[in-house]
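Residue numbers (my numbering): 376 to 682. Read the structure below first, then the notes.
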């Protein structure tokens with residue numbers, strides 16, 4: 376993977392240095408820990424701690440008001456996913472769960488959560504998808520209604536609804552949650568974003584879903600969940616914009632992660648072709664196998680250029 380980055384003119388010297396350092400980190404810390412573990416949650420937390428100690432989480436968690444360097448984000452994800460999809464997940468979810476916060480949250484929310492996420496002291500999650508709303512963000516049914524505490528005079532929102540297929544469900548310390556707060560003048564849903572602590576009363580993890588690959592994912596339930604009004608991210612109605620800005624920033628890196636997995640598959644195929652013998656010699660010496668491997672390498676390079 377380093378050779379591709381070295382030979383491609385689109386990377387800065389800092390990004391090339393980053394690629395080399397991440398590759399070294401993966402070989403030293405992630406690769407020896409690769410493989411299935413009985414305790415997925417403990418393994419996730421171990422990997423997150425390693426990423427934090429290496430300073431890599433700061434490439435996913437943006438500083439307040441500062442856009443992420445998406446190319447560096449892609450460099451890190453490709454290297455991590457080469458060895459561990461769980462390490463890649465631990466890395467990218469810290470960014471997905473905090474990006475809207477970095478863009479628009481009040482100062483007290485940014486100060487409390489961003490540094491904790493960047494240092495691995497708090498696990499983040501991005502709660503957008505619902506049973507009836509995936510790519511169609513406007514179809515969200517989870518609601519948040521504003522009320523006022525009669526005694527204190529402070530405002531708060533009551534969140535009700537469900538979120539499904541939420542990565543880090545049950546592990547996260549806080550969730551960026553998108554909910555309907557009303558209707559716009561054109562009749563479409565007004566969406567807003569909130570930071571919800573996992574300890575908030577009225578919030579629970581309804582169900583954890585078992586996956587083939589190690590991936591903490593599940594369904595969230597909000598039942599009369601009371602969130603302080605000052606924990607809204609941005610203003611009422613900013614949710615749709617913040618959700619799309621987050622997704623647009625991180626979508627390209629999904630392709631980078633896929634390239635990392637494909638790169639590992641190619642390397643494993645080459646290693647096997649060199650070790651497997653037929654007709655008295657390794658199958659890697661047969662022209663048909665060489666052609667297949669060459670096609671794989673060509674398609675992988677093309678995919679990297681598309682990212």
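Note that CB positions come from ideal geometry on N, CA and C, so glycine has one too. Predicted, not measured: the structure shown is a model, and the values here were computed from it.
Practice item. Give the secondary structure of residue 535 by DSSP, where H, G and I count as helix, E and B as strand, and everything else as coil. Key: Judged by DSSP in its simplified three-state form, residue 535 adopts strand.
Review point. Which term fits residue 649, buried or exposed, when burial requires 16 or more other beta carbons within 10 angstroms of its beta carbon?
Key: The residue in question, residue 649, is exposed, as its Cβ has fewer than 16 Cβ neighbours within 10 Å.
Practice item. State the DSSP-derived secondary structure class of residue 658, mapped to helix, strand or coil. Key: Three-state result, residue 658: helix.
Exercise for review: Whole angstroms is fine: what's the gap from residue 415's alpha carbon to residue 643's?
Suggested key: Spanning the two alpha carbons is a distance of roughly 25 Å.
Review point. What are the complete beta strand (DSSP E) segments, minimum 3 residues, inside the region 589 to 671?
Key: For the region 589 to 671, the full-length beta strand (DSSP E) segments reaching 3 residues or more read 592 to 603 along the chain.
Review point. With contact counted as at least three CB pairs below 8 Å, one residue from each stretch, are the region 462 to 471 and the region 496 to 503 in contact?
Key: Output reads yes: the region 496 to 503 touches the region 462 to 471.
Exercise for review: Would you mind reading off the limits of the beta strand (DSSP E) that contains residue 518?
Suggested key: First-last of the beta strand (DSSP E) with residue 518: 518 to 523.
Review point. DSSP puts residue 379 in a beta bridge; with which residues?
Key: The partner list for residue 379 (beta bridge, DSSP) is empty, contrary to what the question assumes.
Practice item. Decide if the region 427 to 436 is in contact with the region 606 to 613; the criterion is three or more beta carbon pairs, one per stretch, under 8 Å apart. Key: In short, these stretches do not touch, since the Cβ pair count stays below three.
Practice item. Could you check what DSSP says for residue 514 in three-state terms: helix, strand or coil? Key: Correct three-state label for residue 514: helix.
Practice item. State the start and end residues of the unbroken beta strand (DSSP E) segment that holds residue 453. Key: Here residue 453 belongs to no beta strand (DSSP E); instead the alpha helix (DSSP H) covers 445 to 458.
Review point. Which partner residues does residue 579 have in the DSSP bridge list?
Key: Beta-bridge pairing by DSSP links residue 579 to 596.
Point to revise | The alpha helix (DSSP H) enclosing residue 396, as first and last residue numbers | key: First-last of the alpha helix (DSSP H) with residue 396: 388 to 400.
Point to revise | Residues near residue 454 in its chain [Cβ-Cβ closer than 6 Å; skip 5 each side] | key: For residue 454, where only same-chain residues beyond five positions count, the Cβ hits under 6 Å are 397, 398, 401.
Review point. Using a Cβ-Cβ cut-off of 8 Å (strictly less than) and excluding sequence neighbours within five positions of residue 451, which residues of its own chain qualify?
Key: Take residue 451, set aside five residues on each side of it, and the residues of its chain with a beta-carbon closer than 8 Å to its own are 393, 397, 431, 434, 435, 466, in chain order.
Check your understanding: What is the DSSP secondary structure of residue 542, reduced to helix, strand or coil?
Key -> It is a strand residue.
**Study point:** 8 Å Cβ shell around residue 619 - same chain, five flanking residues per side excluded
**Key:** Contacts found: 512.
Practice item. Assess, as a yes-or-no matter, whether the region 570 to 580 is touched by the region 510 to 529 under the definition of 3 or more beta carbon pairs within less than 8 Å. Key: Note that the region 510 to 529 does not touch the region 570 to 580; fewer than 3 beta-carbon pairs, one per stretch, sit closer than 8 Å.
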